[in-house]
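Trainee: For the record, the sequence lines run as chains Y and U. For the first sequence, counting from 1, position 271 maps to 271 in the numbering used here; every step adds exactly one. If you count the second sequence from 1, you need to add 1000 to reach the numbering used here. Glycine is no exception: its CB is placed at the ideal position from the N, C-alpha and C atoms.
Protein chains: 2
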Amino acid sequence: MDRAHALALDAADPLARFRERFELPEGLIYLDGNSLGALPKTTAPALEDLVRREWGRDLITSWNKAGWIDAPARIGGKIARLVGAAAHEVAVADSTSVNLYKLAAGALSLRPGRRKIVTERGNFHTDVYILEGLAALTGAVLEVVPTEAVLDAIDETTALVVLTHVHYASARMWDMAAVTAAAHARGALMLWDLSHTAGALACDLTGAGADLAVGCGYKHLNGGPGAPAFLYVAERHQAAIRSPLQGWMGHAEPFAFEPSFRPAPDLRAQLCGTPPILGMAALECGVDVLLEADRAEAQAKGRALCAQFIALVESRCAAHGLRLLGPRPMDQRGLHVSFAHPEAYAVVQALIARGVIGDFRAPDIARFGFPPLYLRHVDVWDAVEILRQVLDERAWDRPEFKARAAVT
Amino acid sequence: MDRAHALALDAADPLARFRERFELPEGLIYLDGNSLGALPKTTAPALEDLVRREWGRDLITSWNKAGWIDAPARIGGKIARLVGAAAHEVAVADSTSVNLYKLAAGALSLRPGRRKIVTERGNFHTDVYILEGLAALTGAVLEVVPTEAVLDAIDETTALVVLTHVHYASARMWDMAAVTAAAHARGALMLWDLSHTAGALACDLTGAGADLAVGCGYKHLNGGPGAPAFLYVAERHQAAIRSPLQGWMGHAEPFAFEPSFRPAPDLRAQLCGTPPILGMAALECGVDVLLEADRAEAQAKGRALCAQFIALVESRCAAHGLRLLGPRPMDQRGLHVSFAHPEAYAVVQALIARGVIGDFRAPDIARFGFPPLYLRHVDVWDAVEILRQVLDERAWDRPEFKARAAVT
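#1: Would you kindly check if the distance between the Cβ of U:A1208 and the Cβ of U:L1194 is under 7 Å?
#2: Measure the CB-CB distance between U:V1348 and U:G1358 and report whether it falls below 7 Å.
#3: What does the Cβ neighbour count give for Y:H5, buried or exposed, with the cut at 16 atoms within 10 Å?
#4: Out of Y:A298, Y:D155, Y:D397, Y:V378, state which residue places its alpha-carbon closest to the alpha-carbon of Y:P342.
#5: Spell out whether any CB of chain Y is found under 7 Å from the CB atom of U:I1241.
#6: Looking at chain U, is there any beta carbon in it that lies within less than 7 Å of the beta carbon of Y:Y345?
#7: Decide if U:S1035 is buried, meaning its Cβ has at least 16 other Cβ atoms within 10 Å, or exposed.
#8: Interface residues of chain Y around U:W1063 at Cβ under 7 Å?
#9: Kindly indicate which residue of U:P1228, U:L1189, U:P1276 has the alpha-carbon position closest to the one of Y:G217.
#10: Measuring only the C-alpha atoms, how far is U:Q1332 from U:A1307?
#11: What residues in the stretch 1244-1257 of chain U bring their beta carbon closer than 7 Å to a beta carbon of chain Y?
#12: With a threshold of 7 Å between beta-carbons, can U:D1032 be considered close to chain Y, or not?
#13: What is the rounded straight-line gap between the Cα of Y:A107 and the Cα of Y:V128?
#14: Mind checking which residues open and close the alpha helix (DSSP H) that includes Y:D94?
#15: Should U:F1370 and U:L1305 be called a contact, given that it needs their Cβ atoms to be closer than 7 Å?
#16: Y:W192 by DSSP, collapsed to three states: which one?
#17: Please classify Y:P45 as buried or exposed, where buried requires at least 16 other C-beta atoms within 10 Å of its C-beta.
#18: With burial defined as no fewer than 16 other Cβ atoms inside 10 Å of the residue's Cβ, what is the status of U:P1259: buried or exposed?
#19: Using the Cα positions of Y:E393 and Y:I365, report the straight-line distance between them to the nearest angstrom.
#20: Provide the residue span of the beta strand (DSSP E) that contains Y:F339, from first to last.
#21: Per DSSP, U:R1323 forms a beta bridge with which residues?
#22: Name the residues in the stretch 1080-1091 of chain U whose C-beta lies less than 8 Å from a C-beta of chain Y; which are they?
#23: Measuring CB to CB, does Y:I154 end up less than 7 Å from Y:A188?
#24: Could you confirm whether any beta carbon from chain Y is found closer than 7 Å to the beta carbon of U:P1342?
#25: Could you give the first and the last residue of the continuous beta strand (DSSP E) run that contains Y:A368?
#26: Mind reading off the beta-carbon distance from U:Q1246 to Y:E132? Whole number of angstroms is fine, and I expect it under 8 Å.
#27: Report back the beta-carbon spacing between U:W1192 and U:M1173 to the nearest angstrom; my notes put them in contact at under 8 Å.
#28: What does U:R1376 touch in chain Y if you count any residue whose Cβ is under 9 Å from its own?
#29: Starting from the beta carbon of U:F1230, find every residue of chain Y whose beta carbon is closer than 7 Å, and list them in chain order.
#30: Once the 5 residues before and after U:R1081 are set aside, which same chain residues still bring their CB inside 8 Å of it?
#31: Excluding five sequence neighbours on each side, which residues of the same chain lie with their C-beta closer than 7 Å to the C-beta of Y:D204?
#32: May I ask you to report which of helix, strand or coil DSSP gives U:M1173?
#33: If we define contact as Cβ-Cβ less than 7 Å, is Y:G226 a contact residue for chain U?
#34: List the endpoints of the continuous beta strand (DSSP E) containing U:T1119.
#35: Tell me the rounded alpha-carbon separation between U:R1053 and U:V1144.
#36: Can you list, in chain order, the residues of its chain with a C-beta nearer than 8 Å to that of Y:E314? Leave out the 5 residues immediately preceding and following it.
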């Protein structure tokens, strides 16, 4: 592989036409779309129309006229196609953390005799924190166990298993169908966090028999900073699962003003407060672009980019002690690549200063994402060349690259 | 009062200059700013800059560079000035419903020996629903009592009293200081829902000794459809109160990726997931406009508009059986006016068809809001004239005005 080969791959890329659908700053190589997806070109005009016409001119009538009230279900139905669910099994609402709380509490309501929740040590920390908070309030018992002990920790007292399908750091991917089956074999429910899966990988919640899922709107779904998140409840659980966050949008008749809560008989029961319309509109633009691409083709290209990055880093930066996280087989990984390095924070800052944006994850991880719709093989080549220069020149070894910012 | 008098009042209005700060459609009289505030002229350009420059061009770096990470505290600090709190006592986050859940659960954590929550029958329904959900999960006991029984229901088993300061339907206003003192006298905490107060009335949470509060961003704060909400925790409670929705943004060091939750020692502990940046930016524009106006002056004008509306409706529409809700003294009311009428839904639709937007609240309430920064006395005159015509002509008595829409 040399730069000419990378260019040749790009020339033959059937997804190449998608790059122009995004606003990408000239001269920047953006390897952080797994943290904040790039801006689709449709988003700014859509938001301007929403603000000026739907809000500014039509005002309150847009709840009906512009379909604002249907946004959680409408956009959820689109995301459903990305994660292998039926349209009525996915809704957009709140944040990933809040949705996890709702569904994990709901799982306890579906398994009344069971109090144990199992998750993985090293799962994305907000998932663990949310489960800790739920356990503290309800008396549920949270078991946070090492990766290799997860399956054995599931027993007949387990109400719920919560795992992130693609690990935020290592990109290691759980076998969704196998783990779900293992949970079911012991009578437990399975909740998948799809934050690094949705929009990145082909995903089949229905085929895996999954019960519950949540996921993030601002990573591979390109929904913008702090975009609303989504949640999935398999149809078979929708009538019985009870969210403790029972706000008016989850009521069977939100505008009947009944004195007591009566849950909607379907997924609407998992909604809570008034939906965030601005964020929803941006999310819909991001999802709409993804839906135009073939999922299998996008996954294949994303994995090819990751494989190229790993191979180039390991061959061209071999002297610098970078250690790959996660498994090597591409079909056991998501679409980001992390290397551990003692100076990872400073290395990432030095890369940013040279126009390659990745991100740092504590304590020592440099992470790079490869969304297939707007990244090219030549970007990967160029990024590794700049990484090689940063490392060879020890360009990271400057105080300004070591001073931690508020957000890392 | 005739139309000329209304015009004379407008000519003398010291707040008249604020009207041009909002986008108001020609020929429309918008009396629903208490449900969805009008669009400030600064909002669309601010959002376009956020989307195209901060997101599109600067991408992930905007979390630090553009201050996205500080938005919850920064905008909260601005709202604090509208509700009489210290800047570090208010933050923007989630929806009103979710914030109510967090703080009500937190109140239980502050009063461990007490299990009773008291609220008012007829309180805005999502508030009751949320408290029901919390009670069902925790074993707390929710007492929903008639208005006149609220004070007597507070006893030494009461952890928390939850009231909406200005009633969503009747506009009746609780005496914040007196009720808070009554709750404190029995050792209970006081949580105010300020959804119809913030940005409308002068408000002094500190002076009233309030413990906790929540409020809505899309009504008088003009934050746009589904804007993020706010929450207030008095400084004296911030270190001890525990939210069960403990997401990563509430951690003392969100980016340290610690394995277990360690709450921030201040109000940040009440944050949960990633903040919704688009909605926050719009909310900030709405709040910024309000901060330019004198609060007492705005409250006085709003009350004058309400008084004018009540007087004109009762004199000019006297034959039609409209019944005013709430008290008559203006200092016991917020800035909306509701009349009960058996055909309220159809009347509101007929008004909308003639360019006067109010809203309907089940079962029989026509509600009209009077935000003082963009409404004029002549708007009130003209609205009542159109209402008179609709009623005199029975213009509401048509099938298309009686067919209920999804959102009412």
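Mentor: So, from the data block:
#1: In the second sequence, counting from the first residue as 1, residue 1194 of chain U sits at position 194. In the second sequence, counting from the first residue as 1, residue 1208 of chain U sits at position 208. Not closer than 7 Å, so no.
#2: Residue numbering aside, residue 1348 of chain U sits at position 348 when the second sequence is read from its first letter. Residue numbering aside, residue 1358 of chain U sits at position 358 when the second sequence is read from its first letter. For the pair U:V1348 and U:G1358, the CB atoms are nearer than the 7 Å cut-off.
#3: Locating residue 5 of chain Y in the first sequence gives position 5, counting from the first residue. Classification of Y:H5: exposed, given that the 10 Å Cβ count is below 16.
#4: Counting from one through the first sequence, the residue named residue 342 of chain Y turns up at place 342. The shortest C-alpha separation from Y:P342 is found at Y:D397.
#5: Position 241 of the second sequence, counted from the first residue, corresponds to residue 1241 of chain U. With its beta carbon at least 7 Å from every one in chain Y, U:I1241 lies outside the interface.
#6: Here residue 345 of chain Y corresponds to residue number 345 of the first sequence, with the count starting at 1. No, its Cβ sits nowhere closer than 7 Å to a Cβ of chain U.
#7: In the second sequence, residue 1035 of chain U corresponds to position 35, counting from 1. So U:S1035 ends up on the buried side.
#8: Here residue 1063 of chain U is taken as the residue at index 63 of the second sequence, counted from 1. Those are V407, listed as they occur along chain Y.
#9: Along the first sequence, read from residue 1 onward, the residue named residue 217 of chain Y stands at position 217. Across the set U:P1228, U:L1189, U:P1276, the C-alpha of U:P1276 shows the shortest separation from the C-alpha of Y:G217.
#10: Position 332 of the second sequence, counted from the start, is the residue given in the question as residue 1332 of chain U. Position 307 of the second sequence, counted from the start, is the residue given in the question as residue 1307 of chain U. Taking the straight line joining both Cα atoms gives about 12 Å.
#11: Sequence-ordered contacts of the stretch 1244-1257 of chain U with chain Y read P1244, L1245, Q1246, G1247, W1248, H1251, F1255, A1256, F1257 [C-beta pairs closer than 7 Å].
#12: Sequence index remark: in the second sequence, residue 1032 of chain U carries index 32 (1-based). The C-beta of U:D1032 comes closer than 7 Å to at least one C-beta of chain Y.
#13: One-based indexing of the first sequence puts residue 107 of chain Y at position 107. One-based indexing of the first sequence puts residue 128 of chain Y at position 128. Those two C-alpha atoms are separated by around 16 Å.
#14: Against the first sequence, residue 94 of chain Y aligns to sequence position 94. Here Y:D94 belongs to no alpha helix (DSSP H), and DSSP marks it neither H nor E.
#15: Taking the first residue of the second sequence as 1, we reach residue 1370 of chain U at position 370. Taking the first residue of the second sequence as 1, we reach residue 1305 of chain U at position 305. Going by C-beta atoms, U:F1370 is nearer than 7 Å to U:L1305.
#16: Counting from 1 along the first sequence, the entry for residue 192 of chain Y is found at position 192. DSSP places Y:W192 in strand when its eight states are reduced to three.
#17: Position 45 of the first sequence, counting from 1, holds the residue named residue 45 of chain Y. Looking at its Cβ environment, which holds fewer than 16 other Cβ atoms inside 10 Å, Y:P45 is exposed.
#18: Here residue 1259 of chain U corresponds to residue number 259 of the second sequence, with the count starting at 1. So U:P1259 counts as exposed.
#19: Reading the first sequence from its first residue, position 393 is the one you call residue 393 of chain Y. Reading the first sequence from its first residue, position 365 is the one you call residue 365 of chain Y. The straight-line gap separating the alpha-carbon atoms of Y:E393 and Y:I365 is approximately 20 Å.
#20: Here residue 339 of chain Y refers to the residue found at position 339 when the first sequence is read from its first residue. Per DSSP, Y:F339 belongs to the beta strand (DSSP E) from 336-340.
#21: The residue given as residue 1323 of chain U occupies position 323 in the second sequence. Note: U:R1323 sits in a beta bridge opposite U:A1340.
#22: Residues passing the 8 Å Cβ filter: none.
#23: Stepping through the first sequence from its first residue, residue 154 of chain Y is reached at position 154. Stepping through the first sequence from its first residue, residue 188 of chain Y is reached at position 188. With a cutoff of 7 Å on beta-carbon distance, Y:I154 and Y:A188 are scored as near each other.
#24: Indexing the second sequence from 1 puts residue 1342 of chain U at position 342. U:P1342 does not count as touching chain Y.
#25: The residue labelled residue 368 of chain Y in the question sits at position 368 within the first sequence. Reading off the sequence shown, one finds Phe at residue 368 of chain Y, where the question assumed Ala. Note, Y:F368: beta strand (DSSP E), 365-369.
#26: Within the second sequence, numbered from 1, the residue matching residue 1246 of chain U stands at position 246. Within the first sequence, numbered from 1, the residue matching residue 132 of chain Y stands at position 132. Sure, about 7 Å apart at Cβ, within 8 Å.
#27: As a working mapping, residue 1192 of chain U is identified with position 192 in the second sequence. As a working mapping, residue 1173 of chain U is identified with position 173 in the second sequence. With a contact defined as Cβ atoms closer than 8 Å, U:W1192 and U:M1173 miss out at about 11 Å.
#28: The residue given as residue 1376 of chain U occupies position 376 in the second sequence. Going along chain Y, no residue has its Cβ under 9 Å from U:R1376, so there is no contact; the nearest lies around 17 Å.
#29: Looking up residue 1230 of chain U in the second sequence gives position 230. Taking the beta carbon of U:F1230 as reference, no residue of chain Y falls within 7 Å; the closest one sits roughly 13 Å away.
#30: Within the second sequence, the letter at position 81 stands for residue 1081 of chain U. Excluding positions up to five away in sequence, the list reads A1087, L1291.
#31: By one-based count along the first sequence, residue 204 of chain Y stands at place 204. G84.
#32: Position 173 of the second sequence holds residue 1173 of chain U. Three-state DSSP puts U:M1173 in a strand.
#33: Against the first sequence, residue 226 of chain Y aligns to sequence position 226. Taking Cβ atoms only, chain U reaches closer than 7 Å to Y:G226, which makes this a yes.
#34: The sequence position of residue 1119 of chain U within the second sequence is 119, counting from 1. Here the beta strand (DSSP E) through U:T1119 covers 1116-1120.
#35: Looking up residue 1053 of chain U in the second sequence gives position 53. Looking up residue 1144 of chain U in the second sequence gives position 144. Spanning the two alpha carbons is a distance of roughly 49 Å.
#36: Taking the first residue of the first sequence as 1, we reach residue 314 of chain Y at position 314. Excluding sequence neighbours, Y:E314 sits near L322, L324.
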